[in-house]
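Okay, structure first, notes after.
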Amino acid sequence: MCLYDFVLVKMTSNALLHALVPLVDDLARDLAEGERYRRLLEAVRTLVPCDATALLRLDGEWLVPLAVDGLSSDTLGRRFKVDEHPRFQLLLQSDGPTRFPAGSRLPDPYDGLVEGMEGEQLEVHDCLGCVLRVGERPWGLLTLDAMEAGRFSAHDLDALQTFSSLAAATVSVADRLQLLASRASDEHQRAEIYRAAAAETAPRPLLGHSAVIRRLLDEVRTVGASDLTVLVTGETGVGKELVAQALHAASARAMRPLVSINCAALPEALVESELFGHVKGAFSGAVGDRRGKFELADGGTLLLDEVGELPLAVQAKLLRVLQSGQLQRLGSDREHHVDVRLIAATNRDLAEEVRKGRFRADLYHRLSVYPLRVPPLRERGRDVLLLSGAFLDENRSRLGLRNLRLAAEAQAALLAYDWPGNVRELEHLISRSALKALSRQTPRPAILTLTVADLGLEEGEAVPPVSAHDNPAAARARVPAQPLKQAVEGYQRGLIAAALRRHGDNWSAAARELGVDRANLARLAARLGLKSAATEP
Numbered sequence: 001m002c003l004y005d006f007v008l009v010k011m012t013s014n015a016l017l018h019a020l021v022p023l024v025d026d027l028a029r030d031l032a033e034g035e036r037y038r039r040l041l042e043a044v045r046t047l048v049p050c051d052a053t054a055l056l057r058l059d060g061e062w063l064v065p066l067a068v069d070g071l072s073s074d075t076l077g078r079r080f081k082v083d084e085h086p087r088f089q090l091l092l093q094s095d096g097p098t099r100f101p102a103g104s105r106l107p108d109p110y111d112g113l114v115e116g117m118e119g120e121q122l123e124v125h126d127c128l129g130c131v132l133r134v135g136e137r138p139w140g141l142l143t144l145d146a147m148e149a150g151r152f153s154a155h156d157l158d159a160l161q162t163f164s165s166l167a168a169a170t171v172s173v174a175d176r177l178q179l180l181a182s183r184a185s186d187e188h189q190r191a192e193i194y195r196a197a198a199a200e201t202a203p204r205p206l207l208g209h210s211a212v213i214r215r216l217l218d219e220v221r222t223v224g225a226s227d228l229t230v231l232v233t234g235e236t237g238v239g240k241e242l243v244a245q246a247l248h249a250a251s252a253r254a255m256r257p258l259v260s261i262n263c264a265a266l267p268e269a270l271v272e273s274e275l276f277g278h279v280k281g282a283f284s285g286a287v288g289d290r291r292g293k294f295e296l297a298d299g300g301t302l303l304l305d306e307v308g309e310l311p312l313a314v315q316a317k318l319l320r321v322l323q324s325g326q327l328q329r330l331g332s333d334r335e336h337h338v339d340v341r342l343i344a345a346t347n348r349d350l351a352e353e354v355r356k357g358r359f360r361a362d363l364y365h366r367l368s369v370y371p372l373r374v375p376p377l378r379e380r381g382r383d384v385l386l387l388s389g390a391f392l393d394e395n396r397s398r399l400g401l402r403n404l405r406l407a408a409e410a411q412a413a414l415l416a417y418d419w420p421g422n423v424r425e426l427e428h429l430i431s432r433s434a435l436k437a438l439s440r441q442t443p444r445p446a447i448l449t450l451t452v453a454d455l456g457l458e459e460g461e462a463v464p465p466v467s468a469h470d471n472p473a474a475a476r477a478r479v480p481a482q483p484l485k486q487a488v489e490g491y492q493r494g495l496i497a498a499a500l501r502r503h504g505d506n507w508s509a510a511a512r513e514l515g516v517d518r519a520n521l522a523r524l525a526a527r528l529g530l531k532s533a534a535t536e537p
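Counting with full-length UniProt numbering, you get residues 1 to 537 for the letters of the sequence shown.
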C-alpha cells in the first residue's frame with residue numbers, strides 16, 4: 001500500500017468512527033422518529049460528503065421518503081413507484097452499495113429536487129446508494145447525491161457498506177419503538193372499549209312477552225350462533241343496538257370485543273380513517289399509525305350503526321373488506337387481514353336507497369345475508385308496561401326512592417299512545433316524568449306514583465315531531481286542523497327536528513336523510529324558527 005492510500009484509509013477510518021459513535025449512542029436514547037432519522041442522514045453526510053441524501057422506506061411497491069437532507073421539502077410528500085425508477089430497482093436488488101456515475105443513462109429520481117437547483121436537469125452528477133435490510137427483508141434505501149461528477153470513490157463505497165449495518169439497526173430500533181407505541185395505542189383503545197362495556201353493569205336484555213318479540217328472540221338465538229352477516233332494521237329508538245349486543249352474546253365471539261361505530265355521527269372526511277385506520281402522514285393531523293374499528297374488532301364483532309349514511313366511496317371499500325377480509329389503512333398500500341363478524345343497523349329502507357342510487361346494490365346484498373326487523377313499540381302490545389317497569393326501577397334507584405310506580409290511568413295512557421319514538425321515547429318519558437313529579441312533592445315521598453298528568457301525554461307534551469320516514473301514517477294523523485301554511489310549516493319543522501335528533505344534531509346527515517342541500521336546510525330551519533340564520537351550521 002502506497003503512502004497516499006495509507007493516509008486515505010486512515011482518514012476514512014477516522015471519519016467512520018466520528019460518524020458511527022453518535023449513532024451507536026443514539027440507539028440507547030429515546031428519540032422521536034423524525035429526529036432519529038435526521039441524525040442518521042447527518043452522520044452519513046459527515047462520513048461521505050455530498051449535496052443531498054435521503055432515507056426511503058419500502059411500502060409494498062412504493063418507496064416513501066421518511067427523511068431528506070439537501071433535497072426540497074416537498075420530496076417528503078412524494079411516493080416513488082419502484083418499477084418506474086430503474087435506479088431504485090437496481091439498489092433494491094444489490095447486496096451492497098451501488099454507484100451510478102455521471103454518464104449513467106438511467107433517469108435520476110431526484111432530478112429537479114436538489115435544493116438550490118430548481119428547474120435544472122442535473123445532467124452531471126454522481127449518485128450512490130444502498131439497500132437497508134432488517135433481517136433478510138429489504139427495509140428501504142439510503143441514497144446520496146453529488147452535483148460534481150466523480151465525487152464518490154471506491155473508499156466511499158466501502159465506508160457506506162460499513163455504515164449501512166448501523167443504519168439498518170437505527171431504522172430497526174425506530175420500527176420497534178413505533179410498533180410498541182402502536183400496540184400501546186391499540187391496547188388503550190381496546191381498554192376503553194372494555195371499560196365502556198363494564199360501565200354498563202350488565203347489557204340490557206331484550207325485554208318483552210309479545211309474539212313479535214318472542215319471534216325476534218328466537219331468530220337472534222338461531223343466527224347469533226353463526227358467523228353470518230346480519231342487517232338489523234327498524235325505526236329509530238326500537239333497540240337495534242340491543243339486538244346487536246344479543247347477537248354478539250349468542251356467538252362464539254362473545255369473549256372478544258363488540259366494537260360499535262355510528263356512521264351518521266362521523267364527518268365524511270373521517271369515516272374511512274375510523275373504519276380502516278391510517279398511517280402516519282396520511283392526512284393533516286395523522287401524527288402516527290392508528291388502527292381502525294375493523295382491526296380493533298379483529299376476532300370479535302363490529303356493529304356499523306346507521307350504515308345507510310356511509311358515503312358511496314366508502315361503501316366500495318367496505319365491500320372489498322367483506323369480500324376478502326383484507327383492508328388497507330388510509331395512506332398505505334400494505335394489506336391487513338381481519339377476522340370480523342359484521343352486524344349492520346339502519347332505520348332506512350336500504351332496498352329503496354339502492355333503487356335511488358344512494359346505496360350500492362352489491363353491498364346491500366352482502367349486508368343482508370340475514371335480515372332482522374325489530375318491531376316498533378306500537379306493535380308490541382303490553383310490552384309497553386313491561387318496559388316501563390324496567391325504566392321505573394332504574395329511575396327509582398337513581399332518585400333514591402323506595403318505589404316508583406304508575407297509576408292505573410297512567411298505564412292505560414301508555415298503552416293507548418302510538419309511540420313514534422319507540423322504546424327510546426318511552427325511556428326518556430319515564431325519566432322526565434319521574435323527575436318532574438318528584439320536584440312537585442313536598443315533603444319528599446318514599447313511594448312516588450306517576451299519574452297521567454305527570455306523563456303529559458294528554459297535553460301532547462311527550463309527542464315529538466314525527467318523521468314521515470319513520471311512521472307516515474302517524475305523521476298524517478297528527479296534522480291538526482289549521483290554516484294550510486301553518487300546517488305545512490309545522491310539518492316541516494317536525495320533520496327537521498326529528499331528523500336532527502336521530503342524527504345527534506349532525507346537519508349534514510339530517511340533510512341527506514331529508515334529501516335536501518345542507519345550506520338550504522339551514523336556511524329553511526332558520527325561517528321556521530328552529531335556529532337563527534346567524535348560527536347556520
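Glycine residues also receive a C-beta, built at the ideal position from the N, C-alpha and C atoms.
Whole-Å CB distance - residue i paired with residue j, under 8 Å assumed
i           : j           : result
residue 347 : residue 376 : Going by Cβ atoms, the distance from residue 347 to residue 376 rounds to 11 Å, so no, they are not a contact pair.
residue 41  : residue 69  : 4 Å
residue 453 : residue 401 : With a Cβ gap of about 19 Å, residue 453 and residue 401 do not count as contacting.
residue 65  : residue 45  : At roughly 16 Å, the Cβ-Cβ gap does not stay under 8 Å, so residue 65 and residue 45 are not in contact.
residue 251 : residue 234 : Not a contact, Cβ separation roughly 20 Å.
residue 590 : residue 258 : A query on residue 590 cannot be resolved here, the shown segment of the chain reaching from 1 to 537 and no further.
residue 333 : residue 60  : 4 Å
residue 366 : residue 322 : 5 Å
N- and C-terminal bounds of the beta strand (DSSP E) containing residue i
i           : result
residue 370 : 370-373
residue 58  : 52-59
residue 335 : 335-337
residue 207 : First-last for residue 207: undefined, no H or E at that position.
residue 342 : 341-346
residue 305 : 301-305
residue 403 : 403-406
residue 448 : 447-450
residue 99  : 98-100
Close beta carbons around residue i, own chain, < 7 Å, minus the five adjacent residues each side
i           : result
residue 460 : Residue placement at residue 460 cannot be trusted, given a pLDDT of 46 that sits under 50; what the coordinates show is reported in the next sentence. The answer is none, since no qualifying residue turns up.
residue 90  : 98
residue 146 : 50, 51, 125, 126 and 152
residue 430 : 388, 391, 392 and 395
residue 399 : 434 and 438
residue 38  : 67
residue 267 : none
residue 457 : 413 and 417
The alpha helix (DSSP H) enclosing residue i, as first and last residue numbers
i           : result
residue 77  : Looking at the DSSP string, residue 77 is not in any alpha helix (DSSP H), and its letter there is neither H nor E.
residue 314 : 312-324
residue 352 : 350-355
residue 433 : 422-439
residue 395 : 383-399
residue 88  : 86-93
residue 68  : Here residue 68 belongs to no alpha helix (DSSP H); instead the beta strand (DSSP E) covers 62-69.
residue 296 : 293-296
residue 523 : 518-527
Proximity of residue i and residue j at Cβ, strictly below 9 Å
i           : j           : result
residue 132 : residue 142 : yes
residue 206 : residue 217 : yes
residue 620 : residue 227 : The structure shown does not extend to residue 620, since the chain is modelled only from 1 through 537, so no value can be given for it.
residue 489 : residue 499 : no
residue 243 : residue 167 : no
residue 582 : residue 306 : The displayed coordinates of the chain run from 1 to 537. Any statement about residue 582 would go beyond what the structure contains.
residue 330 : residue 294 : no
residue 164 : residue 130 : yes
residue 54  : residue 101 : no
residue 71  : residue 82  : no
residue 359 : residue 315 : yes
residue 299 : residue 339 : yes
residue 210 : residue 383 : yes
residue 379 : residue 212 : yes
residue 372 : residue 219 : yes
residue 415 : residue 385 : yes
residue 236 : residue 36  : no
residue 157 : residue 113 : no
Own chain residues within Cβ distance below 8 Å of residue i, not counting five before or after
i           : result
residue 510 : 496, 499, 500, 502, 503 and 521
residue 214 : 208
Same chain, Cβ closer than 6 Å to residue i, neighbours up to 5 away in sequence not counted
i           : result
residue 407 : 449 and 451
residue 310 : 263
residue 56  : 63, 65, 140 and 141
residue 471 : Per-residue confidence for residue 471 stands at a pLDDT of 46, beneath the threshold of 50, marking its modelled position as unreliable; no derived number is given.
residue 106 : 86 and 87
Original post:
Taking only runs of the beta strand (DSSP E) that begin and end inside the region 102-174, which ones reach a length of at least 3 residues, in chain order?
Top reply: 126-134 and 137-146
Subject >> Ranges of the alpha helix (DSSP H) found wholly within the region 214-291, counting only runs of at least 4 >> reply: 240-249 and 268-276
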